[in-house]
């Protein structure tokens, strides 16, 4: 018997002072049966940091040829490719060749450190790639916010992120491993 995705409804209010972006997004997230709450919340965080009317979630884990999120231009070019996790170098290379800008959000504590040690030098050649690590403690705090129906506020200022629900707030200080732009996001 195949398991189906779990659906989450999110009302996400974004105040991104670094980008002068202020908006509310009503999102429906499908969490694949093999996806953890932690990975889903990192995907949601990535959406908040790059929010735009054209940014969309893809089939994610179900489609190897797609990013976790992407922004497609009206002429069908991939403007922004966002992946979450610790992909192999071949996948990152393919994304960098297909998209104008690529962001990779890694997480997992020691596993993310080991992944960067193994792949960092190879990835530095991609000038359109940014690699951002979300600290393990922040991932655990974000996971505590998970509910089937979420009301979340995301505030970004000076590279610091605050993600909060009605009764909990977590502060996220991402580690910029590699940046294609001077400010990272």
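Residue numbers (the numbering used here): 1496 to 1680. In this text, a Cβ means the ideal position worked out from N, Cα and C, and glycines have one as well. Please read these numbers as outputs of a predicted model, since none were measured by experiment.
Within its chain, find whatever has a CB closer than 6 Å to the CB of residue i; leave out the 5 residues flanking it on each side and keep chain order.
i: residue 1580; result: none
Can you give the Cα-Cα distance for residue i and residue j, rounded to whole angstroms?
i: residue 1639; j: residue 1545; result: 22 Å
i: residue 1642; j: residue 1523; result: 12 Å
i: residue 1598; j: residue 1662; result: 30 Å
i: residue 1533; j: residue 1592; result: 28 Å
i: residue 1565; j: residue 1624; result: 14 Å
i: residue 1673; j: residue 1553; result: 24 Å
i: residue 1655; j: residue 1561; result: 28 Å
When we look at the beta-carbon of residue i and count the other beta-carbons within 10 Å, is it buried (16 or more) or exposed?
i: residue 1614; result: buried
i: residue 1538; result: buried
i: residue 1669; result: buried
i: residue 1512; result: exposed
i: residue 1521; result: exposed
i: residue 1518; result: exposed
i: residue 1666; result: exposed
i: residue 1569; result: exposed
i: residue 1530; result: buried
Using C-beta distances below 8 Å, list every residue in its chain close to residue i, excluding the 5 sequence neighbours before and after it, in chain order.
i: residue 1664; result: 1657 and 1658
i: residue 1541; result: 1563, 1564, 1577, 1579, 1598 and 1600
List the whole-angstrom C-beta distance separating residue i from residue j, where the pair is believed to meet the contact cut-off of C-beta under 8 Å.
i: residue 1594; j: residue 1627; result: About 16 Å separates the two Cβ atoms, so there is no contact after all.
i: residue 1629; j: residue 1602; result: 4 Å
Going by beta carbon distance, what residues of the same chain come within less than 7 Å of residue i, once the five residues before and after it are set aside?
i: residue 1644; result: 1504
i: residue 1496; result: Model confidence at residue 1496 stands at a pLDDT of 45, short of 50, so the residue's coordinates are unreliable; what they give is reported in the following sentence. The answer is none, since no qualifying residue turns up.
i: residue 1543; result: 1507, 1509 and 1649
i: residue 1498; result: 1528
i: residue 1619; result: 1673
| field | Sequence ranges, alpha helix (DSSP H) only - wholly within the segment 1521 to 1577, length at least 4 | value | 1532 to 1545, all fully within the segment 1521 to 1577.
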